[in-house]
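Residue numbers (the working numbering), protein chains in the order written: chain A, 153 to 372; chain B, 772 to 1059.
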Amino acid sequence: MIITRPRDWERIEDNLASIGARSVFIMGCGQCATVAHTGGETEVAEVAARLEALGLEVTGWTVGEVTCHLGGTKLESRKHGGDIEAADAVLVLACGAGVQTVADSVTKPVFPGLESLFLGNVIRNGIFEERCLMCGECVLDKTAGICPVTTCPKGLLNGPCGGMWEGMCEVLTDRECTHVRIRRRLTEQHRAGKGTLAPKDFSKTLKPGGVNIRGHGDSR
Amino acid sequence: MSRLRDMLSAGEFVVTGEVAPPKGADVTAMRAAVELLAPHCHALNVTDNQGASLHLASLAASRIVLDMGIEPIFQQTCRDRNRLALQSDLLAAWSLGLENVLVVTGDDPRAGDHPNAKGVFDLDSTQLAEIARGMNEGHDMMDRPLAGATDFFIGAAMFPEAEPWDVQLARAEQKIEAGVRFFQTQAIFDMTRLKRAVEALRPHGAKVIAGVLVLKSPRVIDFINERLAGLMVPDAIADRIRSADDPAEEAIVLATEQVREIRTIADGVHIMPLGLDAAVGRILGNSS
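This is the structure:
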């Protein structure tokens, strides 16, 4: 899931002030931002209270099922069309994908209420870790299911770097070195060393990404 | 022809030192350091934005060292440049007469004076070594021919004291396979571990130049233990310097003992005087 954190409140205030907004409609997200406790119903209510405390009118709010889904968000926007129409701005508590989907679904100015951080694993409720960078060229087959591109702070395919000490990472000193972990797990599974991995092919993730599996048009 | 390569192939014991390019355009202090070290060294490493902090480029500084009549070892880290820039700088280095290159990963930007920088790490040091070898064979990393090949003597870093050893050894072997012909090690404190490394790597045809730090003061020891990644001064050695009446003098005696022992184990010594540059001649002279 996409991990987000609340955007600095001053920036939100500045954004709204920049268009002289007096009234706001708030949209959360029922998927990632709900699990991340940044854009579910609880957080939307908190933000609404905060805006009201500033003297702004909250014309309404909703937590759509999947805010990055264009069809669903358009439907959600139509459902709340009156409240959105009555607002000067829409504040979105979702990832950047969700914010853009809302911006494509309404005519009012849309502002982000969160910062998007990474694709995260849910380790426990409220504890998220980045394990996949979505590089388009998975090496987990060779690295015993541990991604060096993501979990080595330098993203080295071939490591460890010179800073590894007693098996620990140079940068995140309380963590075991990714490359030491990979080697141990390969050994435990009686697999050969991973060998030297070739430089990554960054053309696999040229921006902006796009996929079309409907049999017409191109995938990038 | 790289004199460093010639000497190492001939089985001669080599001495390398290190100079740091300045933070700024004034190279007076660097030149002074070169003048102090050059009479005692066969080649001088020129660091590349050491400590992930801004310094004059290793490429230009290496050329200054060469012009002063001593062979530089041009250091190239993977932190600040992508594959196009790294290859382009390798070609530039060769065109400037720099024949030795030491490829290293580089410290993370978070450790340096530009902590907001993007760490590039488009390549790692093994991949970069392989690319340098490819350039020696006359092609770029895309296997396309170069108008004029290089003939670099390719080196890399290694850390005989960092455990787990099997991981270190596998890594060094990988680098050799990529084209690395000499290693310069992190500072050595435990000679049995240096021996273990030399014995493992020599059969592959790689030369090992062992690092020696001149631990001139208790403050330097604290700095190393707290700030330098992948390095710890053992208690016995730290206590020896801390309890000495004259720590700098004791550090010189200690370094002399270490160099003497390294002469019997490794192919060379890489001396890091940490400011005691003027003592390098004494350390080397008294160790032979």
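No residue lacks a Cβ here, since even glycine has one placed at the ideal position from N, Cα and C.
Using a Cβ distance threshold of 8 Å, B/N816 and B/L899 do not count as a contacting pair. Of the residues A/E217, A/E318 and A/L208, the one whose Cα lies closest to the Cα of A/M179 is A/E217. DSSP lists B/T956 as the beta-bridge partner residues of B/M929. Contacts with chain A at 8 Å (Cβ-Cβ) do not include B/P1018.
Bounds of any beta strand (DSSP E) do not take in B/S780; it lies within the alpha helix (DSSP H) bounded by R774 to S780. Close to B/T876, with beta-carbon spacing below 7 Å, are these residues of chain A in chain order: K306, L308, C313 and G314. Here DSSP, grouped into helix, strand and coil, assigns A/C247 to coil.
Between B/F953 and B/W865, the gap from beta carbon to beta carbon reaches 8 Å or more. Within 10 angstroms of the beta-carbon of B/R942 lie 16 or more other beta-carbons, which makes it buried.
For B/L984, the enclosing beta strand (DSSP E) begins and ends at K978 to L984. 8 Å or more divides the Cβ of A/P312 from the Cβ of A/C299. Taking the Cα positions, B/V798 is about 12 Å away from B/E806.
Residue contact check for B/R904 against chain A: no CB pair falls below 8 Å.
Between the beta-carbon of A/N273 and that of A/E267 there is about 19 Å, and that puts the pair past the 8 Å contact cut. A residue is called buried once 16 or more other Cβ atoms fall within 10 Å of its Cβ, and B/M913, having fewer, is exposed. Secondary structure at A/T211: strand, using DSSP grouped into helix, strand and coil. Below the 7 Å Cβ cutoff, chain A contributes M316 and W317 as neighbours of B/A933, in chain order. If one requires a minimum length of 3 residues, the beta strand (DSSP E) runs lying completely within the stretch 816–872 of chain B are 842–848, in chain order.
For B/L1002, the secondary structure class from DSSP, reduced to helix, strand or coil, is coil. Beta-bridge analysis with DSSP links B/A800 to no other residue.
A buried status is given to A/V262, since no fewer than 16 other beta-carbon atoms sit within 10 Å of its beta-carbon. The C-alpha of B/F960 is placed about 13 Å away from the C-alpha of B/V1040. In the pairwise beta carbon analysis, the stretch 351–359 of chain A is classified as touching the stretch 279–296 of chain A: at least three pairs are separated by under 8 Å.
About 7 Å separates the beta carbon of B/L1047 from that of B/A1019, a gap short enough to meet the 8 Å contact definition. Comparing C-alpha distances from A/K306 to each of B/E934, B/V938 and B/D893 shows the shortest one belongs to B/D893. Scanning its chain for C-beta atoms nearer than 8 Å, with the 5 sequence neighbours on each side dropped, one finds around B/R1013 the residues P989 and I992, in chain order. Around A/R335, the beta-carbon contacts reaching into chain B at under 9 Å are P935, D937, V938 and A941. Using a Cβ-Cβ cut-off of 8 Å, A/P261 does not count as an interface residue toward chain B, since no Cβ of chain B sits closer than that to its own. Per DSSP, reduced to three states, the secondary structure at A/F280 is strand.
Inclusion of B/T897 and A/T348 in the CB contact set at 8 Å is warranted, their separation being smaller than that value.
B/L1045 places its beta carbon less than 8 Å from that of B/L984. When the beta-carbon positions are compared, A/A255 and A/G191 stay at least 8 Å from each other.
DSSP places A/P351 in the coil class of the three-state scheme, outside both helix and strand.
The criterion of a C-beta distance shorter than 8 Å is not satisfied by A/W317 and B/A823.
Between the C-alpha atoms of B/A1049 and B/L808 there is a straight-line separation of about 8 Å. Between B/H813 and B/E842 the beta-carbon gap is near 7 Å, inside 8 Å, which marks them as a contact.
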